[in-house]
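Asker: Here's a structure for you.
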């Protein structure tokens, strides 16, 4: 039974890693974050505390990123968005790098509910 728990932990960690990669490759294929957030919702309840923080962080990264990019996209019409879109991309990349670093070190996200990094 203990071996099964360890295998489940590896699975949920692998899925979290895959979601981070989906988010990173969203520049090439914009549907990937939608697939990633669906997986995050599905695996969140099965994850232990360390991985649960990653799933919460990934879910929030999706929704906050969607909000930031939508606002930036709307503001492109008044040219402010031309500055905000690259800032959103940088925000997205920093969040993903921070999350991946913590996941690879098998550490939880310190504050998965943050709006920044």
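Numbering (my numbering), first residue to last: 64 to 180.
Note that CB positions come from ideal geometry on N, CA and C, so glycine has one too.
1. Should residue 140 go down as buried or exposed, given a rule of 16 or more other Cβ atoms within 10 Å for buried?
2. What's the C-alpha gap between residue 115 and residue 130?
3. If distances are taken between C-alpha atoms only, which option among 160, 177, 170 comes closest to residue 88?
4. Grab the span of the alpha helix (DSSP H) containing residue 168 for me, first residue to last.
5. Kindly give me the distance between the Cβ atoms of residue 166 and residue 83, rounded to whole angstroms, as I take these residues to be in contact under 8 Å.
Answerer: Looking at the atomic coordinates:
1. With fewer than 16 other CB atoms across the displayed protein chains lying within 10 angstroms of its CB, residue 140 is exposed.
2. 23 Å
3. 160
4. Note, residue 168: premise wrong, no alpha helix (DSSP H); not H, not E.
5. 7 Å
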